[in-house]
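Written out below as structure tokens is the structure these notes cover.
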Amino acid sequence: MKTTLWLLGYSFVTGGLLTAFSLIEGFYRYLFSLLALYIGIRFFRRFETLGMRITFFVVSIVFYLLIAVIVSAVIYIRDNPDAISGV
Numbered sequence: 359m360k361t362t363l364w365l366l367g368y369s370f371v372t373g374g375l376l377t378a379f380s381l382i383e384g385f386y387r388y389l390f391s392l393l394a395l396y397i398g399i400r401f402f403r404r405f406e407t408l409g410m411r412i413t414f415f416v417v418s419i420v421f422y423l424l425i426a427v428i429v430s431a432v433i434y435i436r437d438n439p440d441a442i443s444g445v
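Sequence positions in the sequence shown follow my numbering and run 359 to 445.
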């Protein structure tokens, strides 16, 4: 159970950082990329089995896609309030 929570925590943070990298323009986007790389390296040092590493990679990508879709939907709704009200 503890290992699963660590896996989900590391994956969620990495997915969030990758989402920030893909949505932010400018120099700061590379900072998010480096932070995601650093989190991945820390995870790989902590968990050395191949199965955990593959699971981390897959779950991070799933979190990245979910967070990116949610953030994009919120930005769309914020910028286009008429689309929601049907006016």
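Note that beta-carbon positions come from the ideal geometry of N, C-alpha and C, so glycine has one too.
Q.
Is the beta carbon of I397 closer than 8 Å to that of Y422?
A. Locating residue 422 in the sequence shown gives position 64, where the first residue counts as 1. Locating residue 397 in the sequence shown gives position 39, where the first residue counts as 1. It is not a contact, given that the beta carbons lie outside the stated cut-off.
Q: Look at the alpha carbon of D440 and the alpha carbon of I412, and state the distance between them as a whole number of angstroms.
A: For this step, residue 440 is matched to residue 82 along the sequence shown. For this step, residue 412 is matched to residue 54 along the sequence shown. Distance between the alpha carbons of D440 and I412: 43 Å.
Q) DSSP on F370, reduced to helix/strand/coil? A) Numbered from 1 along the sequence shown, position 12 holds the residue referred to as residue 370. In this structure, F370 counts as helix in the three-state DSSP scheme.
**Q.** Cβ shell of Y386 (< 8 Å), same chain only, five flanking positions each side left out
**A.** Your numbering for residue 386 matches position 28 in the sequence shown. Excluding positions up to five away in sequence, the list is empty.
Q. So what does DSSP say about T362, is it helix, strand or coil?
A. Numbered from 1 along the sequence shown, position 4 holds the residue referred to as residue 362. In the structure shown, T362 sits in a helix (DSSP, three-state: H, G or I).
Q) Going by alpha carbons, who is nearest to G373 out of G409, D437, L395? A) In the sequence shown, counting from the first residue as 1, residue 373 sits at position 15. The candidate whose alpha carbon is nearest that of G373 is L395.
Q. With a CB to CB cut of under 6 Å and the five nearest residues on each side skipped, what residues in its chain are close to F370?
A. Numbered from 1 along the sequence shown, position 12 holds the residue referred to as residue 370. Cβ neighbours of F370 beyond the five flanking positions: F421.
Q. Just the Cα atoms here: how many angstroms apart are I425 and F405?
A. Along the sequence shown, read from residue 1 onward, the residue named residue 425 stands at position 67. Along the sequence shown, read from residue 1 onward, the residue named residue 405 stands at position 47. Looking at the two C-alpha atoms, the distance is approximately 25 Å.
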